[in-house]
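> Chains as they are written, first to last, in our numbering: chain S, -9 to 353; chain X, -9 to 353.
#1: According to DSSP, what are the bridge partners of residue 164 of chain X?
#2: If you check the beta carbons only, do residue 313 of chain X and residue 248 of chain X fall under 8 angstroms apart?
#3: Return the first residue and the last residue of the beta strand (DSSP E) that residue 281 of chain X is part of.
#4: Using a Cβ cut-off of 8 angstroms (strictly closer), state whether residue 70 of chain X contacts chain S.
#5: Using only alpha-carbon positions, find the residue among S:111, S:254 and S:297 that is nearest to residue 162 of chain S.
#6: Assuming residue 352 of chain X and residue 328 of chain S form a contact by the criterion Cβ under 8 angstroms, report the distance between their Cβ atoms to the nearest whole angstrom.
#7: Does DSSP put residue 227 of chain S in a helix, in a strand, or in coil?
#8: Is there contact between the region 2 to 10 of chain S and the region 230 to 239 of chain S, where contact requires at least three CB pairs shorter than 8 angstroms?
#9: Taking CB distances under 8 angstroms as the criterion, tell me whether residue 42 of chain X reaches chain S.
#10: Any C-beta of chain X sitting closer than 8 angstroms to the C-beta of residue 141 of chain S?
#11: List the DSSP bridge partners of residue 356 of chain S.
#12: Run through the DSSP bridge pairs and tell me what residue 61 of chain X is partnered with.
#13: If you pair each beta-carbon of the region 341 to 351 of chain X with each one of the region 63 to 81 of chain X, do three or more pairs fall below 8 angstroms?
#14: Check whether chain X comes within 8 angstroms of residue 328 of chain S, counting only Cβ atoms and requiring the distance to be less than that.
#15: Looking at the strands, I want to know which residues DSSP matches up with residue 34 of chain S.
#16: Would you please verify whether the beta carbon of residue 241 of chain X is less than 8 angstroms from any beta carbon of chain S?
#17: Roughly how many angstroms lie between the CA atoms of residue 58 of chain X and residue 299 of chain X, to the nearest whole one?
#18: Would you check if the distance between the CB atom of residue 202 of chain X and the CB atom of residue 217 of chain X is smaller than 8 angstroms?
#19: Which residues in chain X have a C-beta closer than 7 angstroms to the C-beta of residue 113 of chain S? List them in chain order.
#20: Quick one: is residue 253 of chain X buried, meaning 16 or more other Cβ sit within 10 Å of its Cβ, or exposed?
#21: Does DSSP classify residue -7 of chain S as helix, strand or coil?
#22: Residue 34 of chain X versus chain S: which residues are under 9 angstroms apart at the beta carbon?
#23: The region 246 to 259 of chain X: which residues have C-beta closer than 9 angstroms to a C-beta of chain S, in chain order?
#24: Residue 148 of chain X to residue 170 of chain X, Cα distance in whole Å?
#25: Thinking just about the alpha-carbon of each residue, which of X:43, X:330, X:173 and X:8 is nearest to the one in residue 261 of chain X?
#26: Can you check whether the C-beta of residue 151 of chain X is within less than 8 angstroms of a C-beta belonging to chain S?
#27: Does the region 45 to 61 of chain S come within contact of the region 23 to 37 of chain S, defined as at least 3 CB pairs closer than 8 angstroms?
#28: Using a Cβ cut-off of 7 angstroms, pull out every chain S residue sitting near residue 433 of chain X, in sequence order please.
#29: Taking residue 64 of chain S and residue 94 of chain S to be in contact with their CB atoms under 8 angstroms, please state how far apart those CB atoms are, rounded to whole angstroms.
#30: How many Å lie between residue 172 of chain S and residue 44 of chain X at the Cα?
#31: Tell me, please, whether the CB atom of residue 144 of chain X is closer than 8 angstroms to any CB atom in chain S?
#32: Is the Cβ of residue 205 of chain S closer than 8 angstroms to any Cβ of chain X?
#33: Taking only beta-carbon atoms, is residue 229 of chain S less than 8 angstroms away from chain X?
#34: At what residue ranges does the region 226 to 281 of chain X contain a whole run of the alpha helix (DSSP H), taking only runs of 4 or more?
#35: Residues in its own chain within less than 6 angstroms of residue 121 of chain S by CB, not counting five upstream and five downstream?
#36: Which residues of chain S have a Cβ atom closer than 8 angstroms to the Cβ of residue 355 of chain X, listed in chain order?
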């Protein structure tokens, strides 16, 4: 059986299902593993907190050597900073738009060292208008599209122009270049960043930071040597997607979903009390909605909101009331579905329920 | 433009995005439409609250003639009953397993007229053990699988045996038959229920309720004439899935997602601030993640957690800061992603933020 030993049968018996379980010892090992890789390649680590949304785990990441955190939304950053003992440096990798959000950004900038990104003049000008009267300028990085086809300027020339624009705008300081690369995109990142950096420096503007990120290829981050900083998120928990890509094993998965069998309507079918309201519909290119630990023969082939359907090739061998543990396809989105997670490890004497502080922070 | 008029430009300008908007006037019309159909066919209506998770909307449904509500989980029912002025009758269409949940069920049974379902002797015996010493017996219906292949006994004979078992167990009263039918499954429902009902009545046991449900085919509910009660959920808001099945039009969609354009990186591509943390990854057989009101040319072809990617066949004609409204694929799961929704209509003087009372209630 692959079931991790840190949750005792007594712990499991007490937890009402469905529940999200976090093993802090596994998470700590995952944090250490990437921190060591990064330090051996002179890379700074700035974890993306979207995976755990827990200030206490950000504190563990910072204690292990991370220089700060990455958030996607202003409300996320506010919640993380308010709940943490150690977060003093935040990068929001998002174009901030709108008067209320800019107002909140200004307030946040008085509490921590804050950076944001921009990929257009419109965004930069909004940031400048908000910060031009502030005592401290805001650090702004240019987001670059190195193949993910989401946000970001499309060419090194466009990055150079936007960097020059940031550099000249009041209230702002140019902070460097940021990208969210496609998986395995180290060569594309390096090709883009080397040219953009050289062009910007040729204008007499420093490029202090080149930040990239993404857990799938994090152990190849150093293959883009221009990169100074890396922002993995999922690596702290891992998930079925990362196992399927060969990035880790089941034993490295710190987040599991505990579910109870509520029906065994046919010999090869069982229904559990975890559906898309916990596991979510994220497939990430996989078939099925998670891996049942210790049961390679079972597929979770269908979810509705409160039901998960388990199918086995043979007799499923489960009874009503049995509890199973599932590694979900995508850990980050599962964290966002529950108000609290059940935590063990890291010296805790017993399972604790930790509120997911930055859950549901979308604005 | 299909954009609904009840949200004024001033309302829209004030709402921080992404946000979930609810138009109560549209919802009220949807409630009335099905209530009238049901009454004209002598069907009771017991709406499934998973779609709105709002006691105030349950109150509207009951005021329009619904006999009570349907919930899936005990925690959901507790939250709805606590928040409502009018909920006095609750059916939990779920196999309840586990000591803590049975304890909560007993407490809930002292507050409202409560029914649950069961599809196995194991579930029935757990319910009986919990309720045998209670002053009032618990009403238990047999869940029947009429083609959805989820929970439920597989044959009318199995339904008959389980009904007889419920009838004889202390602390329980047999309440009838329940099914969640496949879309368009009225004939299958009728074939199953007619036989099961006749067999159970032949044992001298009454079958007071035969309850079916599901918005996709609700306007065909009367084609299974044995049915006495119907449990639609999504009908109150509607969504892209129901529009695509021809069940309603865009103008009948009471729930929309308001999003802001944060990047226009290429002529035919724009990025919005609503990703899977609001729209979810639910596809329900559709392509893309929602319909942009008034823009049939746009596909939402990719979501990450905080980004939605819009692609147009031609120039996309959007600018940073523009707001758009999206009808999501699946309204119910979107409701579950946010702590509050922005509500207009039903005589409200301006947009109000309503906490989603039963959000995230998974146990």
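Glycine is no exception: its CB is placed at the ideal position from the N, C-alpha and C atoms.
The structure says:
#1: Residue 164 of chain X sits at position 174 when you count from the first residue of the second chain. In the DSSP output, where bridge partners are listed per residue, residue 164 of chain X has X:130.
#2: Taking the second chain and counting its residues from 1, the one referred to as residue 313 of chain X is at position 323. Taking the second chain and counting its residues from 1, the one referred to as residue 248 of chain X is at position 258. Their beta carbons are under 8 angstroms apart, which means residue 313 of chain X touches residue 248 of chain X by this criterion.
#3: By one-based count along the second chain, residue 281 of chain X stands at place 291. That run of the beta strand (DSSP E) goes 280 to 282.
#4: Residue numbering aside, residue 70 of chain X sits at position 80 when the second chain is read from its first letter. For residue 70 of chain X, the answer is no, since every Cβ of chain S falls outside 8 angstroms of its Cβ.
#5: Your numbering for residue 162 of chain S matches position 172 in the first chain. For the residues S:111, S:254 and S:297, the minimum Cα distance to residue 162 of chain S belongs to S:111.
#6: The residue given as residue 352 of chain X occupies position 362 in the second chain. The residue given as residue 328 of chain S occupies position 338 in the first chain. So it is a contact: roughly 7 angstroms between Cβ atoms.
#7: Along the first chain, one-based indexing puts residue 227 of chain S at 237. If DSSP states are grouped into helix, strand and coil, residue 227 of chain S belongs with coil.
#8: no
#9: Mapped onto the second chain, residue 42 of chain X falls at position 52. No, its Cβ sits nowhere closer than 8 angstroms to a Cβ of chain S.
#10: One-based indexing of the first chain puts residue 141 of chain S at position 151. By this cut-off, residue 141 of chain S is an interface position.
#11: In the structure as shown, chain S begins at -9 and stops at 353. Residue 356 of chain S is therefore absent and cannot be evaluated.
#12: Walking along the second chain from the start, residue 61 of chain X turns up at place 71. DSSP output for residue 61 of chain X lists X:82 as bridge partner(s).
#13: yes
#14: The residue you call residue 328 of chain S lines up with position 338 of the first chain. Yes, residue 328 of chain S lies at the interface with chain X (some Cβ there is under 8 angstroms from its Cβ).
#15: Within the first chain, numbered from 1, the residue matching residue 34 of chain S stands at position 44. Partner(s): S:219.
#16: Counted from its first residue, the second chain places residue 241 of chain X at position 251. Output row for residue 241 of chain X: interface = no.
#17: One-based indexing of the second chain puts residue 58 of chain X at position 68. One-based indexing of the second chain puts residue 299 of chain X at position 309. C-alpha separation (whole angstroms): 40 angstroms.
#18: Along the second chain, read from residue 1 onward, the residue named residue 202 of chain X stands at position 212. Along the second chain, read from residue 1 onward, the residue named residue 217 of chain X stands at position 227. Cβ distance < 8 angstroms, so residue 202 of chain X and residue 217 of chain X count as in contact.
#19: What you label residue 113 of chain S is simply residue 123 of the first chain in a count that begins at 1. Ordered by position in chain X, the residues that pass the 7 angstroms Cβ test against residue 113 of chain S are 310.
#20: Counted from its first residue, the second chain places residue 253 of chain X at position 263. Residue 253 of chain X comes out buried.
#21: Mapped onto the first chain, residue -7 of chain S falls at position 3. Because the pLDDT at residue -7 of chain S is just 44, under 50, the model does not fix this residue reliably, and the value given afterwards should be weighed accordingly. The answer is coil: DSSP assigns residue -7 of chain S none of H, G, I, E or B.
#22: For this step, residue 34 of chain X is matched to residue 44 along the second chain. Neighbours of residue 34 of chain X on chain S: none; closest Cβ ~23 angstroms, over 9 angstroms.
#23: 250, 251, 252, 253, 254, 255, 256 and 259
#24: The residue given as residue 148 of chain X occupies position 158 in the second chain. The residue given as residue 170 of chain X occupies position 180 in the second chain. Taking the straight line joining both Cα atoms gives about 17 angstroms.
#25: Taking the second chain and counting its residues from 1, one reaches residue 261 of chain X at position 271. Of the listed residues, the one whose Cα sits closest to residue 261 of chain X is X:8.
#26: Start at 1 with the first residue of the second chain, and residue 151 of chain X comes out as number 161. No, residue 151 of chain X does not count as interfacial toward chain S.
#27: yes
#28: Here chain X comprises residues numbered -9 to 353, so residue 433 of chain X is not present and cannot be evaluated.
#29: Translated into the one-based positions of the first chain, residue 64 of chain S becomes position 74. Translated into the one-based positions of the first chain, residue 94 of chain S becomes position 104. Yes, residue 64 of chain S and residue 94 of chain S are in contact; Cβ-Cβ is about 5 angstroms, under 8 angstroms.
#30: On the first chain, position 182 is the one that residue 172 of chain S refers to. On the second chain, position 54 is the one that residue 44 of chain X refers to. Roughly 40 angstroms separates the two Cα atoms.
#31: Locating residue 144 of chain X in the second chain gives position 154, where the first residue counts as 1. Yes, contact with chain S.
#32: Here residue 205 of chain S is taken as the residue at index 215 of the first chain, counted from 1. Residue 205 of chain S does not count as touching chain X.
#33: Locating residue 229 of chain S in the first chain gives position 239, where the first residue counts as 1. Not an interface residue.
#34: 230 to 234
#35: Working through the first chain from its first residue, we reach residue 121 of chain S at position 131. The answer, listed in chain order, is 128 and 161.
#36: The requested residue 355 of chain X does not occur in the structure, where chain X is confined to residues -9 to 353.
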